[in-house]
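Step one of this worksheet: look at the structure below.
Shown next, in the form of structure tokens:
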């Protein structure tokens with residue numbers, strides 16, 4: 092290291108710090124992006140389940156589901172089941188294995204059809220009818236693909252930024 096010029100040593104040190112800063116920033120960005128994406132999807136799933144609670148009622152012992160209840164929105168599927176798990180309304184994705192046991196109020200990840208799925212269940216008590224289950228399902232890969240795109244862009248842009256900063260730092264030094 093003694094035979095390197097002071098300019099080159101300062102540039103290498105500066106570049107090392109830029110690489111560390113870029114790696115730290117990428118890690119924080121990735122973690123925050125993943126948490127935000129998952130939380131956004133969970134909020135969407137909970138909102139749809141809450142809307143179902145407002146749109147379902149019983150009249151004369153018969154279940155009445157309002158036609159305004161959306162069974163698919165923004166990549167989230169909604170379906171309604173009776174207390175025994177028999178489907179009454181809505182959709183599930185074609186590749187989704189709908190045999191998962193109901194669990195109220197938990198965001199779960201399940202595998203099926205070669206894919207990973209986020210699953211959220213809530214139980215409703217409908218006056219004059221009884222208990223119902225509302226299930227929302229979305230493709231976990233769709234959330235993860237957004238994060239993958241973020242990583243690809245970061246891995247393309249950050250090295251260029253680091254090289255540009257190193258060259259500018261060398262010239263300034």
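In this note's numbering, the protein residues as written are 92 to 264.
In this text, a Cβ means the ideal position worked out from N, Cα and C, and glycines have one as well.
Sequence-distant residues of its chain with Cβ nearer than 7 angstroms to residue i (five each side left out)
i: residue 244; result: none
i: residue 125; result: 238
i: residue 129; result: 234
Buried or exposed (CB count within 10 angstroms, at least 16 for buried), residue i
i: residue 247; result: exposed
i: residue 209; result: buried
i: residue 143; result: buried
i: residue 119; result: exposed
i: residue 258; result: exposed
i: residue 183; result: buried
Beta-carbon spacing of residue i, residue j below 8 angstroms
i: residue 162; j: residue 141; result: no
i: residue 160; j: residue 146; result: yes
i: residue 223; j: residue 175; result: no
i: residue 117; j: residue 249; result: yes
i: residue 155; j: residue 149; result: yes
i: residue 226; j: residue 235; result: no
i: residue 165; j: residue 135; result: yes
i: residue 171; j: residue 139; result: no
Collapsed DSSP secondary structure at residue i in the structure displayed
i: residue 184; result: coil
i: residue 192; result: coil
i: residue 160; result: coil
i: residue 202; result: strand
i: residue 124; result: helix
i: residue 172; result: strand
i: residue 116; result: helix
i: residue 98; result: helix
i: residue 197; result: coil
i: residue 103; result: helix
i: residue 220; result: coil
Sequence-distant residues of the same chain with beta carbon closer than 6 angstroms to residue i, five excluded per side
i: residue 109; result: 253 and 256
i: residue 98; result: 264
8 angstroms CB neighbourhood of residue i in its chain, flanking five on each side removed
i: residue 89; result: Here the chain covers residues 92 to 264 and nothing more, so residue 89 does not appear.
Quiz item: Is the region 199–212 close to the region 222–236, with three or more CB pairs under 8 angstroms?
Solution: As far as the Cβ criterion goes, the region 199–212 touches the region 222–236, which means the pair count is three or higher.
Quiz item: With a cut-off of 8 angstroms, do at least 3 Cβ pairs link the region 182–198 to the region 99–108?
Solution: no
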